[in-house]
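Protein chains in written order, with my numbering: chain A, 1 to 474; chain B, 1 to 474.
There are 2 protein chains.
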Amino acid sequence: MKIYIVPVATALLAISQQSGAIPPPPPPTAAQLPVKDTLAFEITEGLTTEVGPRQAGTEAEQRARDWAVNKLKSLGFANVREEKFDMPTWVRGEEKAWVVSPFPTPMAITALGNSASTGDKPLEGEIVYFPTYDALVDAPAQMVAGKIVFIDHQMKAAQDGSGYGYFGRARFTGPNVAAKKGAKAIIIRSIGTDNHRNPHTGNTNFEAGVAPIPSGAISNPDADNLVRQVKRAWAIPLPGSQSELGYRPTPVIVRLLLTPNNLGQQKSGNIIAEVPGSNASLPPVVIACHLDSWDLGTGAIDDASGCGIITAAASYLKKGPPPKRTVRLLWAGAEEVGIWGGKAYGEAYKAQPHALAMESDFGADRVWRVDFKLPESAKPLEDKIAAALAPLGITRGKDPATGGADVGAIIAAQGLAIVDLQQDGTRYFDLHHTPDDTLDKVDPEQMRQNVIAWTTVLENVANYEGELALGVKP
Amino acid sequence: MKIYIVPVATALLAISQQSGAIPPPPPPTAAQLPVKDTLAFEITEGLTTEVGPRQAGTEAEQRARDWAVNKLKSLGFANVREEKFDMPTWVRGEEKAWVVSPFPTPMAITALGNSASTGDKPLEGEIVYFPTYDALVDAPAQMVAGKIVFIDHQMKAAQDGSGYGYFGRARFTGPNVAAKKGAKAIIIRSIGTDNHRNPHTGNTNFEAGVAPIPSGAISNPDADNLVRQVKRAWAIPLPGSQSELGYRPTPVIVRLLLTPNNLGQQKSGNIIAEVPGSNASLPPVVIACHLDSWDLGTGAIDDASGCGIITAAASYLKKGPPPKRTVRLLWAGAEEVGIWGGKAYGEAYKAQPHALAMESDFGADRVWRVDFKLPESAKPLEDKIAAALAPLGITRGKDPATGGADVGAIIAAQGLAIVDLQQDGTRYFDLHHTPDDTLDKVDPEQMRQNVIAWTTVLENVANYEGELALGVKP
């Protein structure tokens, strides 16, 4: 017997077509949820308090995995398991920076993941200023060689976080570009929208064959100050350099001490748990968050709260009758430093067909938009979900859903359906990858709205028996 | 010839009583000021950029004094001078802290001024938790001896900054109380109202004969986390301790590394500048700010902006005809670490009668109230000032003015008149004594309102020829 979860009129028709059998009660709807969900916050509070920072590949991430297994088992999920994998591990050392001239001042700096070490003796050099990442890309190598690159481009806040890709290039590949042009080091203005002395870390990557250079981010107030120093230095002729041809401005000299280490291959792992579906022939829905965090904060918004949200929603689903499809929770390891957990999941499960993927990895502020990537045949499902979410203040997006980092590999491998519950990211990049990513930044009220939205989507997609995966075009 | 600056009707009367002489034009009034003052901000920008942190007794404070002398001379002030004095100097070293158990986590900590060093090897100990300073005061010594005291009391924001005295006790004298009860160290929740991982430093003092102990402040998010750890530890019996009589809870173990140094007596100094008055027989008005800052930030709100505000106001006064009374600017040294500059000023000038004192040392947010301490005879002056400030949104306070730290000694010595332009301190303790005290926190619009208010008061008090000082009651 099949019970389709479809819009009400169709549902009544479907039931009337069944030969007299009484269907089981429908799963709880969003409206029936406890108004005051506390589980998502409890998970976030527990993980940030009892584990704290949990950088990938470190013993802290192992403690986080142990914590996660205990928590998911105690919540009654099925098939809770740890699936280990190896990944390259870089850890922070000392990090200090100073402007030496024209005006000596300390700067708040943090090393970017994969940064080279300056060695125990600070490195000193002249700043070459670039207002944007593109200006560095366009600069001739001789302008950069032997200098310390400074990229000043400042990220602006956006509700959908859309500035990250554009401004983030200064971090993602700025160090690689600088290294290829012969820079001895690089500092970037933090990829962040706050004005606190807490610089934003995050990974950078060097191409094969490019020797990493010391690479750090300074806080926005420090970048503001460095810009003021650069402007003043430009107005001060270098002693003896004045002539009819003009003058060379006074150089801005910076000193850096960054002593990170590469630990080589270390263990990380994914944690998996399930709400078993009643129909084993239907491919599962996979919902993801990531368990690792950067080391500077306690990873409350990135991404303990994502794990809290998806787990609370799955827990509500579990309290009703079994869903048709298995809902699999993936608390991924090692996302921050290369999405190693997502890749490991994609590799481990490539032979098992999946239906649909979702991820929560953008803090805990309210969901404001839902995006879909579903087959044409699932249009009624999409309509039903959008209608159910509208009372929560969630609008329907026009662009196709793209999914999250940790489900990227399995989506790409199988061409899965996707639902994205887009969170308000206006203040996300105030906190992202900084020491300030702590529990007090999580708003329990907005987090509850996330849980209601997630539960609503899950109860619909997990009970939908039509085709969901779109498949990979050859 | 005397021109009294008094309410309009009286002023007309005063002029009509003069024997036909044409008075000089009146000094500019607030309404005639340039709407867009930039000088206060320029001074703040210059001092924070070209000097940056300028802790008392260090070479950075000497650079700040040199900067100040140049700036005040270039602005055309008279009698610009440096007046040096000696003061004991304490400087920060390394500072790190961790919770060791029950759940290992790093904490953001900063040493309090006059803290002892832990030595190069971290100190480890059991936390004894106190919700308030008073609870520590009331605790028996045996509860505290050999432990690390943690005072958790959290300051709340208030427009008038009135929580500082009450909550600040945890910092001002908490370490002394803890040391006397035999504590091996103390950590306090920062005396601050923000939720950033930037702990608030500030001075603490130990009584003569009490050996200082390592004393640090942790940030609010770290204190929140430590409280959660303490609560959890209380719920976990110490292994083997369970009996019918109950159990001993698991201890919370903290590790501290604080390596500050005492440098002994070092040079600090006051910078003095004047707008000379036309009537040498009238005692001067002294207006103060402080030049030194804590080392963690660049001292933008504490107190470069105070120096900017008083100096811009004095500069506008200087552009008009000479005031009757000399207005003396005191950019005091070494305020943060014991008000040494204010004391040195009081000592150096005790033989010279003063009329009235004012200070700006509470950030750059708008003035919302004016308080007076003037002789009864100066009631018309008080009324006139209050009326002139009302259009700026400044109300008249009911309590007597008390003055600022740096004019405290001279006020006490001579019983001076005082006008306090009270600033909105709602967000002051978000930033106070933290790395976040940087230029971007100064709102130029609110700063301008300060300058207009200060200029208004100065043009009135500096041209008032009646008695101002109240004198010291024997």
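Cβ atoms here follow ideal geometry from the backbone N, Cα and C, with glycine treated the same way.
From the beta-carbon of residue 103 of chain B, the residues of chain A found nearer than 9 Å are 49, 50, 51, 52, 63.
Spatial neighbours of residue 251 of chain A in its own chain (CB-CB distance under 8 Å, excluding positions within 5 residues in sequence) are listed in chain order as 101, 126, 127, 233, 238. Under the Cβ criterion of 8 Å, residue 225 of chain B is counted among the residues facing chain A. In the DSSP annotation of this structure, residue 441 of chain B is not part of any alpha helix (DSSP H), being labelled neither H nor E. Taken through DSSP and simplified to helix, strand or coil, residue 55 of chain A comes out as coil.
Between residue 250 of chain B and chain A, the shortest Cβ-Cβ separation is not below 8 Å.
Across the set B:403, B:179, B:88, the C-alpha of B:88 shows the shortest separation from the C-alpha of residue 264 of chain B. Between residue 50 of chain B and residue 150 of chain A, the C-beta spacing is not below 8 Å. The Cβ of residue 435 of chain B sits closer than 8 Å to at least one Cβ of chain A.
Under the three-state reduction of DSSP output, residue 147 of chain B falls in the coil class, being neither helix nor strand. Our two residues, residue 98 of chain B and residue 258 of chain B, have alpha carbons roughly 12 Å apart in a direct line. Residue 197 of chain A and residue 438 of chain B do touch by the CB rule: their CB atoms are close to 7 Å apart, below 8 Å. Residue 318 of chain A has its alpha-carbon roughly 13 Å from the corresponding atom of residue 460 of chain A. Under the Cβ criterion of 8 Å, residue 200 of chain A is not counted among the residues facing chain B. Counting every other CB atom within 10 Å of its CB across the protein chains shown gives residue 243 of chain A a total below 16, marking it as exposed. Assignment of residue 249 of chain A by DSSP, reduced to helix, strand and coil, places it in the strand class. As a beta-bridge residue in DSSP terms, residue 109 of chain B pairs with B:218.
Apart from sequence neighbours up to five positions away, the residues of its chain that approach residue 72 of chain A with a beta-carbon distance below 6 Å are 80, 273, ordered along the chain.
The beta carbon of residue 438 of chain A falls within 8 Å of a beta carbon belonging to chain B, placing the residue at that interface. Taking a C-beta cut-off of 7 Å against chain A, none of the residues of the region 251-269 of chain B qualify.
For residue 268 of chain A, the enclosing beta strand (DSSP E) begins and ends at 261-275. In the structure shown, residue 467 of chain A falls within a coil segment according to DSSP collapsed to helix, strand and coil.
In the three-state scheme derived from DSSP, where H, G and I count as helix and E and B as strand, residue 76 of chain B is classed as coil. Taking C-beta atoms under 8 Å as the contact rule, residue 116 of chain B and residue 214 of chain B qualify, at a distance of about 5 Å. Short of 6 Å from the beta carbon of residue 170 of chain B, and not among the five residues preceding or following it, lie these beta carbons of its own chain, in chain order: 133, 151, 153, 188.
Residue 236 of chain B and residue 228 of chain B have their alpha carbons spaced roughly 13 Å apart. By the Cβ criterion, the region 274-282 of chain B is not in contact with the region 170-185 of chain B, since fewer than three pairs of Cβ atoms, one from each stretch, lie closer than 8 Å. Neighbourhood of residue 229 of chain B in chain A, by CB distance below 8 Å: 49, in chain order. Around the beta carbon of residue 247 of chain A, a 10 Å sphere encloses fewer than 16 other beta carbons of the protein chains shown; the residue is thus reported as exposed. Burial is judged here by how many other beta carbons sit within 10 angstroms of a residue's own beta carbon; residue 352 of chain B has fewer than 16 and is exposed. Counted as a single uninterrupted DSSP element, the beta strand (DSSP E) harbouring residue 189 of chain A occupies residues 185-189. Interface annotation, residue 108 of chain B: in contact with chain A, CB-CB separation under 8 Å. With its beta carbon less than 8 Å from one in chain A, residue 195 of chain B belongs to the interface. Between residue 323 of chain B and the set B:284, B:304, B:212, the nearest pair of CA atoms involves B:284.
Any Cβ of chain A closer than 8 Å to the Cβ of residue 322 of chain B would place that residue at the interface, and such an atom is absent. If you ignore the 5 residues before and after residue 342 of chain A, its C-beta comes within less than 7 Å of the C-beta of 332, 335, 405, 406, 407, 408, 409, all in its own chain and listed in chain order.
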